[in-house]
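Contents: one structure, followed by commentary.
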Amino acid sequence: MSAISRAEVSSTSPPLRRRRRGNPTYLLMALPAVVLFFVFHTYPAIQGILYSFTNFKGYGDFDFVGLRNYLQIFQDERVLAAYRFTFGFAVLATVLVNVIALTVAIGLNSNIRFRNLLRAVYFLPNILSVLIVGFIFNYLFANLVPQIGQALGVAGLSKNILGDPGLAWTGILFVAVWQAAAFNIILYLAGLQTIPYDLYESADIDGAGPWQKFRNITFPMIAAFFTINMVLAMKGFLQVFDQIVALTGGGPGTSTESVSLLIYKGGFDGGQFAYQSANAVIFLIVLVVVSLAQTRFLQRREVEA
Amino acid sequence: MNEAGKRPSTLITVLLFLGALSILFPLYLAVVTALKTPQEVAASVFALPTSLRWENFSEAIRLTNFFTAFRTSAFVTVSVVLLTLLTNSLVAYAIARNQDKPLFRYLYYYFISALFIPFPIIMLPVVKQTSAWGMDNPVGLIFLYVVYGLSFNIFVYVGYIKSIPREIEEAALIDGATTWQTFWKIIFPLLSPMNATVGILTCLWAWNDFLLPLVIISDPEFATLPLVQYIFQGQFSTQYNLAFASYLMTLAPMVIVYLLAQRWIISGVTQGSVKG
């Protein structure tokens with residue numbers, strides 16, 4: 001009964017869409033989340049920015065010091081080294097992960113046996129804890145790799161590479177790529193499945209080779225996925241933390257110290273709360289600029305393709 | 001797309017199997033090492049254990065106080081997944097259905113823009129804040145995961161909700177359903193594929209995350225499993241057989257879930273990341 005009378009009312013009253021404009025229920029649904037998000041995310045971020053202009057150690061009194069922290073950071077060799085390491089690592093890891101993931105995804109998307117089993121195996125690393133994967137590889141780098149290196153007579157691998165300031169980064173790179181490729185493989189696979197098979201058939205008729213098909217069909221068709229994967233990977237790798245804690249702890253010395261690790265170490269244990277807050281603000285700006293520049297650049301490629 | 005009529009490529013299959021070995025081999029070595037005696041570990045990396053030392057697992061359980069940490073991790077993960085599904089979808093619904101209004105459009109941008117904010121910038125202040133408010137415990141952790149998941153989850157939920165025709169809700173509204181009823185009885189069930197995606201990704205995140213517990217949890221009694229492995233590694237770094245037994249027990253729950261539901265998990269992850 002009530003349903004009918006409501007229907008009648010609504011036919012004479014303004015359209016539903018306009019009546020809903022003032023519906024306070026929606027506001028009520030969103031409000032608690034907005035408040036909590038502000039309190040636990042935005043407010044700490046603002047605080048971090050404010051602290052960056054002080055000499056706060058994490059405890060006790062503090063004064064505002066203006067831009068002093070920022071000026072110091074640009075002359076701090078340890079900070080600059082962390083940025084150099086982080087960027088070198090992130091660029092290499094992003095490129096490697098995407099090359100490997102795209103190659104494997106094309107393989108997994110082709111006509112193969114045991115397709116589901118292979119897909120399941122290749123995604124496995126993504127469900128494992130980064131920290132524990134790091135610990136497992138730490139053991140392998142300390143014990144297995146030197147054995148293989150000696151057997152093959154490769155001097156560089158005959159010792160624990162994680163103990164060599166010049167080589168430790170390769171171990172971190174290897175583990176990070178080993179694990180991160182899994183997620184990107186699945187995303188590329190999703191992209192490859194959107195390509196209609198007819199395109200390849202007509203390319204076959206035109207006599208195109210595998211490389212031509214990849215260049216002219218596959219890659220342009222998954223350009224959007226390429227953009228997503230590059231941006232996500234870069235953003236993730238710039239914030240590298242767990243792998244480094246598990247493998248080197250930033251060492252030997254500070255040779256594998258990433259920006260995130262430096263902010264953590266200096267901020268909590270080094271009495272550099274304000275100083276590392278300034279570093280974090282710079283890190284924020286760097287991340288935003290890199291992500292936006294990457295998106296711009298890659299999306300322009302998409303259009304051309 | 002399946003290439004009908006063509007024979008499966010043996011060469012690609014073999015190459016992919018070889019590649020898969022690089023994934024399985026380290027895990028195999030982890031299992032083998034966890035079952036050795038310390039002498040066997042020291043003697044050779046490759047050699048199989050002469051007898052399976054299951055005591056390593058019970059010893060690791062004792063040393064790490066495994067079950068306490070397991071309960072904490074399970075409590076945090078289950079709570080985070082449930083609360084995330086129930087609350088984040090609701091917020092996304094309110095935003096998705098009001099994107100024609102400036103207020104909600106700005107809210108959407110507010111949440112999405114936070115995707116770009118690196119954790120280190122909030123890490124230091126939020127630790128002070130949670131400890132001052134007595135939230136340096138699993139409950140605080142649950143809070144933070146649910147709140148920090150909002151950005152990404154709103155992004156994927158809003159994209160999905162927009163694809164649900166409004167007519168369904170208008171019919172319910174005409175029948176006298178309130179907005180709340182419409183959400184819980186009609187929209188929430190329709191969100192199932194996206195709920196699965198968000199649930200899986202949130203579960204993996206809450207179970208495996210290390211940095212947030214590391215900075216938030218101060219009392220070792222409240223340590224989550226990854227945190228326990230970290231402390232344990234520092235104390236017993238040379239007892240690899242015990243360490244690996246402990247690592248495997250930490251990895252096991254997610255691996256078991258994955259083996260049971262892997263197809264579903266892979267398609268879920270694909271959906272969440274692509275359709276958003």
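Protein sequence lines correspond, in order, to chains A and B.
The first sequence begins at 1 in the UniProt record's numbering and counts up one residue at a time.
The second sequence begins at 1 in the UniProt record's numbering and counts up one residue at a time.
Glycine included, each C-beta is placed from N, C-alpha and C at the ideal position.
Handout entry: Three CB pairs or more closer than 8 angstroms across the segment 171–181 of chain B and the segment 189–204 of chain B
Key = Segments in contact, no.
Exercise for the section: Excluding the 5 residues preceding and the 5 following leucine 190 of chain B in the sequence, name in chain order all residues of the same chain whose CB lies nearer than 7 angstroms to its CB. Expected result: Residue 190 of chain B sits at position 190 when you count from the first residue of the second sequence. Only Ile164 meet the Cβ criterion.
Practice task
Determine whether the Cβ of glycine 149 of chain B lies closer than 8 angstroms to any Cβ atom of chain A.
Solution key: Looking up residue 149 of chain B in the second sequence gives position 149. So no, glycine 149 of chain B is outside the interface.
Exercise for the section: Quick one: grab the DSSP three-state call for phenylalanine 210 of chain B. Expected result: By one-based count along the second sequence, residue 210 of chain B stands at place 210. For phenylalanine 210 of chain B, the secondary structure class from DSSP, reduced to helix, strand or coil, is coil.
Problem - Under 8 angstroms between C-beta atoms of isoleucine 186 of chain B and alanine 172 of chain B - result: Here residue 186 of chain B is taken as the residue at index 186 of the second sequence, counted from 1. Here residue 172 of chain B is taken as the residue at index 172 of the second sequence, counted from 1. Yes, these two residues count as a Cβ contact at 8 angstroms.
Practice task
Assess, as a yes-or-no matter, whether the segment 119–135 of chain A is touched by the segment 271–288 of chain A under the definition of 3 or more beta carbon pairs within less than 8 angstroms.
Solution key: They do not touch, by the three-pair rule.
Practice task
Determine, using beta carbons only, whether serine 9 of chain B comes closer than 8 angstroms to chain A.
Solution key: Working through the second sequence from its first residue, we reach residue 9 of chain B at position 9. So yes, serine 9 of chain B belongs to the interface.
Practice task
Could you tell me which uninterrupted beta strand (DSSP E) segments, each at least 3 residues in length, are contained entirely in the segment 180–225 of chain B, listed from first to last along the chain?
Solution key: Runs found: none.
Exercise for the section: Could you work out which residue in B/Ala43, B/Phe46, B/Glu170 is closest to arginine 97 of chain B when comparing CA atoms only? Expected result: Looking up residue 97 of chain B in the second sequence gives position 97. In terms of CA proximity to arginine 97 of chain B, B/Glu170 leads the group B/Ala43, B/Phe46, B/Glu170.
Exercise for the section: Please look up how many angstroms separate the CB atoms of alanine 105 of chain A and leucine 189 of chain A, rounded, as I've assumed it's under 8 angstroms. Expected result: Along the first sequence, read from residue 1 onward, the residue named residue 105 of chain A stands at position 105. Along the first sequence, read from residue 1 onward, the residue named residue 189 of chain A stands at position 189. Indeed they touch by this definition, with Cβ atoms about 5 angstroms apart.
Problem - Other residues of its chain near valine 158 of chain B: CB distance less than 7 angstroms, five sequence neighbours each side excluded - result: Numbered from 1 along the second sequence, position 158 holds the residue referred to as residue 158 of chain B. Residues Ala92, Ile95, Ala96, Tyr108 of the same chain have their beta carbon placed closer than 7 angstroms to that of valine 158 of chain B, with the five preceding and five following residues left out of the count.
Practice task
Rank B/Ala132, B/Ile142, B/Leu201, B/Met123 by C-alpha distance to the C-alpha of phenylalanine 152 of chain B and give the top, closest one.
Solution key: Here residue 152 of chain B refers to the residue found at position 152 when the second sequence is read from its first residue. Considering only B/Ala132, B/Ile142, B/Leu201, B/Met123, the residue with the shortest C-alpha distance to phenylalanine 152 of chain B is B/Leu201.
Exercise for the section: Report yes if the C-beta distance between serine 260 of chain A and valine 240 of chain A is below 8 angstroms; otherwise report no. Expected result: As a working note, residue 260 of chain A is residue 260 in the first sequence. As a working note, residue 240 of chain A is residue 240 in the first sequence. Going by beta carbons, serine 260 of chain A and valine 240 of chain A fall inside the 8 angstroms limit.
Exercise for the section: Go ahead and pull the three-state DSSP assignment for phenylalanine 70 of chain B. Expected result: In the second sequence, counting from the first residue as 1, residue 70 of chain B sits at position 70. Here phenylalanine 70 of chain B sits in helix by DSSP.
Problem - Interface residues of chain B facing glycine 163 of chain A [CB-CB closer than 9 angstroms] - result: Numbered from its first residue, the first sequence carries residue 163 of chain A at position 163. Those do not exist, as glycine 163 of chain A stays about 14 angstroms from chain B at its closest Cβ, beyond 9 angstroms.
Handout entry: Unbroken stretches of the alpha helix (DSSP H), 4 residues or longer, contained in the segment 131–173 of chain A
Key = For the segment 131–173 of chain A, whole alpha helix (DSSP H) runs of length 4 or above, ordered along the chain, are 145–152.
Exercise for the section: Compare the C-alpha of glutamine 262 of chain B against each of A/Ser158, A/Ile186, A/Thr54, A/Ile100 and name the closest. Expected result: Position 262 of the second sequence, counting from 1, holds the residue named residue 262 of chain B. Looking at A/Ser158, A/Ile186, A/Thr54, A/Ile100, the one whose alpha-carbon comes closest to that of glutamine 262 of chain B is A/Ile186.
Exercise for the section: Note down the Cα distance separating lysine 36 of chain B from valine 145 of chain A, rounded to an integer number of angstroms. Expected result: If you number the second sequence from 1, residue 36 of chain B lands on position 36. If you number the first sequence from 1, residue 145 of chain A lands on position 145. When only Cα atoms are considered, lysine 36 of chain B and valine 145 of chain A end up about 19 angstroms apart.
Handout entry: Close-in-space but distant-in-sequence residues of the same chain around valine 97 of chain A (CB under 6 angstroms, 5 per side omitted)
Key = Mapped onto the first sequence, residue 97 of chain A falls at position 97. Excluding sequence neighbours, valine 97 of chain A sits near Val177, Ala180, Ala181, Asn184, Ala233.
Practice task
Give the single residue among A/Thr42, A/Gly171, A/Thr94, A/Asn138 whose Cα lies nearest to the Cα of isoleucine 290 of chain A.
Solution key: Within the first sequence, residue 290 of chain A is the residue found at index 290, counting from 1. Looking at the sequence shown, residue 290 of chain A is not isoleucine but valine. Checking every option, the nearest Cα to that of valine 290 of chain A belongs to A/Thr94.
Exercise for the section: Please check if any C-beta of chain A sits within less than 8 angstroms of the C-beta of glutamine 262 of chain B. Expected result: Here residue 262 of chain B refers to the residue found at position 262 of the second sequence. Flagged as an interface residue toward chain A: glutamine 262 of chain B, by a C-beta distance shorter than 8 angstroms.
Exercise for the section: With 8 angstroms as the threshold, decide whether the Cβ of asparagine 143 of chain A is near any Cβ in chain B. Expected result: Against the first sequence, residue 143 of chain A aligns to sequence position 143. Cβ-Cβ to chain B under 8 angstroms: yes for asparagine 143 of chain A.
Exercise for the section: For the segment 202–219 of chain B, enumerate the residues whose C-beta is nearer than 9 angstroms to any C-beta of chain A, in chain order. Expected result: Answer in chain order: Leu204, Trp207, Asn208, Asp209, Phe210, Leu211, Leu214, Val215.
Handout entry: Residues from the segment 105–130 of chain A in contact with chain B, defined by Cβ distance under 8 angstroms
Key = Correct list: Gly107, Leu108, Ser110, Asn111, Ile112, Arg113, Phe114, Asn116, Leu118, Arg119, Ala120, Val121, Tyr122, Phe123, Leu124, Pro125, Asn126, Ile127, Leu128, Ser129, Val130.
Problem - Exposed unless 16 or more other CB atoms sit within 10 angstroms - verdict on glycine 140 of chain B - result: Locating residue 140 of chain B in the second sequence gives position 140, counting from the first residue. Classification of glycine 140 of chain B: buried, given that the 10 Å Cβ count is 16 or more.
Exercise for the section: Report the option in B/Ile142, B/Leu248, B/Phe25 whose CA atom is closest to the CA atom of aspartate 209 of chain B. Expected result: In the second sequence, residue 209 of chain B corresponds to position 209, counting from 1. Comparing alpha-carbon positions, the option among B/Ile142, B/Leu248, B/Phe25 lying closest to aspartate 209 of chain B turns out to be B/Ile142.
Problem - For threonine 218 of chain A, three-class secondary structure by DSSP - result: The count along the first sequence starts at 1 and reaches residue 218 of chain A at position 218. In this structure, threonine 218 of chain A counts as helix in the three-state DSSP scheme.
Practice task
Tell me where the alpha helix (DSSP H) around glutamate 59 of chain B begins and ends.
Solution key: Taking the second sequence and counting its residues from 1, the one referred to as residue 59 of chain B is at position 59. Note, glutamate 59 of chain B: alpha helix (DSSP H), 55–64.
Problem - Neighbour flag for threonine 25 of chain A against chain B, beta carbons, 8 angstroms - result: Sequence index remark: in the first sequence, residue 25 of chain A carries index 25 (1-based). With 8 angstroms as the cut-off, threonine 25 of chain A counts as an interface residue toward chain B.
Practice task
Output, in chain order, the set of chain A residues within a Cβ distance shorter than 8 angstroms of valine 80 of chain B.
Solution key: Walking along the second sequence from the start, residue 80 of chain B turns up at place 80. Within chain A, no residue comes near valine 80 of chain B; the closest Cβ sits about 14 angstroms away, beyond 8 angstroms.
Exercise for the section: Compare the beta carbon distance of leucine 162 of chain A and glycine 156 of chain A with 8 angstroms and say whether it is the shorter of the two. Expected result: Within the first sequence, numbered from 1, the residue matching residue 162 of chain A stands at position 162. Within the first sequence, numbered from 1, the residue matching residue 156 of chain A stands at position 156. No, these two residues do not count as a Cβ contact at 8 angstroms.
Problem - Contacts that glycine 19 of chain B makes with chain A (C-beta to C-beta distance below 7 angstroms) - result: As a first step, residue 19 of chain B must be located in the second sequence, where it is residue number 19. Annotation: Cβ neighbours of glycine 19 of chain B in chain A (cutoff 7 angstroms, chain order): Val104.
Handout entry: Proximal chain B residues relative to tyrosine 51 of chain A, where beta-carbon distance stays under 9 angstroms
Key = Numbered from 1 along the first sequence, position 51 holds the residue referred to as residue 51 of chain A. The answer, in chain order, is Leu124, Pro125.
Practice task
Please report how far the alpha carbon of glycine 249 of chain A lies from the alpha carbon of tyrosine 240 of chain B, in whole angstroms.
Solution key: To locate residue 249 of chain A, count along the first sequence from 1; it is residue 249. To locate residue 240 of chain B, count along the second sequence from 1; it is residue 240. Distance from the CA of glycine 249 of chain A to the CA of tyrosine 240 of chain B, rounded to the nearest whole angstrom, comes to 18 angstroms.
Practice task
For glycine 266 of chain A, count neighbouring C-beta atoms within 10 Å of its own C-beta (all shown protein chains included) and say buried if the count is 16 or more, exposed if not.
Solution key: The residue you call residue 266 of chain A lines up with position 266 of the first sequence. Looking at its Cβ environment, which holds 16 or more other Cβ atoms inside 10 Å, glycine 266 of chain A is buried.
Exercise for the section: Answer yes or no: do alanine 223 of chain B and isoleucine 231 of chain B have a C-beta to C-beta separation smaller than 8 angstroms? Expected result: The residue you call residue 223 of chain B lines up with position 223 of the second sequence. The residue you call residue 231 of chain B lines up with position 231 of the second sequence. Against a cut-off of 8 angstroms, the Cβ pair of isoleucine 231 of chain B and alanine 223 of chain B comes out as a contact.
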